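So in our numbering, the last one in the sequence shown is 210, and the numbering has no gaps at all.
By construction, the Cβ of each residue, glycine as well, lies at the ideal position given by its N, Cα and C atoms.
Nothing here was measured: the structure is a model prediction, and the numbers come from that model.
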Amino acid sequence: MNRVTEVRHPLVQHKLGLLRDVTTNTHMFRQLVNELTLLLTYEATMDLATEDVEIETPLEHTTAQRISGKKVAICPILRAGMGMLDGVLSLISGARVGFIGLYRNEETLEPVEYYVKLPADIAARDVILLDPMLATGNSTAAAVARVKEAGATSIRLIALIAAPEGIERIHREHPEVHIVVAGIDRELNEKGYIVPGLGDAGDRLYGTK
Ligand code: URA
Numbered sequence: 002m003n004r005v006t007e008v009r010h011p012l013v014q015h016k017l018g019l020l021r022d023v024t025t026n027t028h029m030f031r032q033l034v035n036e037l038t039l040l041l042t043y044e045a046t047m048d049l050a051t052e053d054v055e056i057e058t059p060l061e062h063t064t065a066q067r068i069s070g071k072k073v074a075i076c077p078i079l080r081a082g083m084g085m086l087d088g089v090l091s092l093i094s095g096a097r098v099g100f101i102g103l104y105r106n107e108e109t110l111e112p113v114e115y116y117v118k119l120p121a122d123i124a125a126r127d128v129i130l131l132d133p134m135l136a137t138g139n140s141t142a143a144a145v146a147r148v149k150e151a152g153a154t155s156i157r158l159i160a161l162i163a164a165p166e167g168i169e170r171i172h173r174e175h176p177e178v179h180i181v182v183a184g185i186d187r188e189l190n191e192k193g194y195i196v197p198g199l200g201d202a203g204d205r206l207y208g209t210k
């Protein structure tokens, strides 16, 4: 399937430019991540199933649309994915939330799980994974594998910026995942940062540097 959507909408691109700017402070950065995630959620949920429902307006009877398919589970990848959670919840307030914590083993460079808590009925839900920076794709691919192991079959990934290497990795291992991003950047540098990128998303969200 190999679906990736780069959202070229002017509002998204404007906010992404502000987000990348090194002079953007922590407060602004958080707000921009929230707004961008909300806009990307709009795009990522474009194909949710709807059904007709009969309703009464104050004036007359009419046919309206309601989302019909599965319910949603939002799964931020810790820690930077947490900065995106409220953006999705502001549009899908009834969603359940799962958490996926991974760190990188510095010897093997492989992601290691340190905390995973997923909704019990995740198999029956549309899953939206949140990871602001899709860099090598190592941890994101592991997170996708984890939710699949729990039974999820419908999985979307929302990222703010992706490197071609990360997209390629997800496409190779999990071709059914629809990736929605605000920007696809040039490459990864020798330290594994996306360039031009925005730096370390976690540090910029939480002011830890
Ligand atoms: N994680 C980040 O926060 N930034 C990058 O550029 C790559 C991974």
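| Asked | Found |
| --- | --- |
| What's the gap between the Cα of Asn139 and the Cα of Glu111? | 7 Å |
| Got a sec: does ligand 1 put a non-hydrogen atom nearer than 8 Å to the Cβ of Ile18? | Contrary to the premise, residue 18 reads as Gly rather than Ile in this sequence. Not under cutoff, so the answer is no. |
| Could you tell me whether the segment 96-104 touches the segment 31-44, where touching means 3 or more Cβ pairs closer than 8 Å? | no |
| Taking the alpha helix (DSSP H) that Gly88 falls in, what are its first and last residues? | Met83 to Leu90 |
| So is Gly88 buried or exposed if we call it buried at 16+ other beta carbons inside 10 Å? | buried |
| Listed by chain order, which residues have C-beta atoms less than 5 Å from any heavy atom of ligand 1? | Met134, Ala136, Tyr194, Ile195, Gly198, Asp201 and Ala202 |
| Is Arg147 helix, strand or coil by DSSP? | helix |
| Just to check my reading of the structure: Asp127 and Ser155 have Cβ atoms closer than 8 Å, yes? What is that Cβ distance to the nearest angstrom? | 5 Å |
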